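Novice: Take this structure, written in structure tokens, and hold onto it; I'll ask about it next.
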Amino acid sequence: MATKTQKALLAGLRALYPNPKPELAFTNPYETIIAVMLSAQSTDVQVNKVTPTLFQKYPTIADLAAASVEDVYTIVRSCGFRSKAGNIVEASKLMLLRHKGNVPNAMEDLLALPGVGRKTANVVLANAFQVPTIAVDTHVFRVSNRMGLASASNVEETERQLMRVIPRKDWIDAHHWLIFHGRRVCHARKPDCETCTLRAYCRYGSMGNAEVKPKTRKQPKEP
Ligand code: SF4
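Per the working numbering, the sequence shown runs over residues -7 to 215.
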């Protein structure tokens, strides 16, 4: 159950970001899972630069399952390590084998794919299948714990606490609200508390910490 302050924070976030949409580009569940896997420890902007070429060359899971890892890596290398190319090819092979070339819509099936952790699975469930989830990435973890929507030292507990204070109908939007606020205002190194419209309700900002580097808890590792 949310406190009055937490409700004010959620209302403020909704007002700031009224139509939250993913900043990753995808048009179907296959593109969703591949784009989200590539986005780990990369940026949405960078992923959006490579996926048009990737999806043009490999338009289906079956196409990507049959691809050579080296060929895929030449397209996605700007998004990170070679292991990512290996993971998206291997995950495609498993989706072809176990799910008839479709993206599974159950958490346990998603987690069985290489390179897919709970955050990635939650993002896929929310964006490809509209299943209410709160995916806790580095922004969601940092911002929610700073402002006081959560008080947790790990991503799993953060997710549980957010699910308790945020109405289920807002879970998917809240994931985007917290990411947008983390990218635009509540930066990792130096949150812009001076201009933040949520400061009056924020646990960190209301303590007059605008100029002090916050003691962030251990940041989650992307899968
Ligand atoms: S007041 Fe500061 S710490 Fe709180 S949400 Fe705003 S930018 Fe982040």
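Note that beta-carbon positions come from the ideal geometry of N, C-alpha and C, so glycine has one too.
This one's a predicted model, so the numbers in the text were calculated from it and none came from an experiment.
At a threshold of 7 Å, does residue 157 count as lining ligand 1 (C-beta to nearest heavy atom)?
Specialist: Incorrect: residue 157 has no Cβ contact closer than 7 Å to ligand 1.
Novice: I'd like to know whether the C-beta atoms of residue 102 and residue 96 end up nearer to each other than 8 Å.
Specialist: Yes, the Cβ-Cβ distance between residue 102 and residue 96 is below 8 Å.
Novice: Take the Cβ of residue 48 as the centre, count every other Cβ of all protein chains shown within 10 Å, and call the residue buried at 16 or more, exposed below.
Specialist: Exposed, since its Cβ has fewer than 16 Cβ neighbours within 10 Å.
Novice: For the alpha helix (DSSP H) holding residue 165, just list the boundary residues, first then last.
Specialist: Taken as a continuous stretch (DSSP letters only), the alpha helix (DSSP H) holding residue 165 covers 163 to 176.
Novice: Tell me whether residue 9, by its Cβ, gets closer than 7 Å to a heavy atom of ligand 1.
Specialist: No.
Novice: Within 10 angstroms of the Cβ of residue 166, are there 16 or more other Cβ atoms? Answer buried if so, exposed if not.
Specialist: Under this definition residue 166 is a buried residue.
Novice: State yes or no: is the C-beta of residue 2 nearer than 7 Å to some heavy atom of ligand 1?
Specialist: Checking every heavy atom of ligand 1 against the Cβ of residue 2, none is found closer than 7 Å.
Novice: Taking 7 Å as the cut-off, is the C-beta of residue 191 nearer than that to any heavy atom in ligand 1?
Specialist: Because some heavy atom of ligand 1 lies under 7 Å away, the Cβ of residue 191 counts as near it: yes.
Novice: Throw me the rounded Cβ distance for the residue 196 and residue 138 pair, which I believe falls under 8 Å.
Specialist: Correct: roughly 4 Å between the Cβ atoms.
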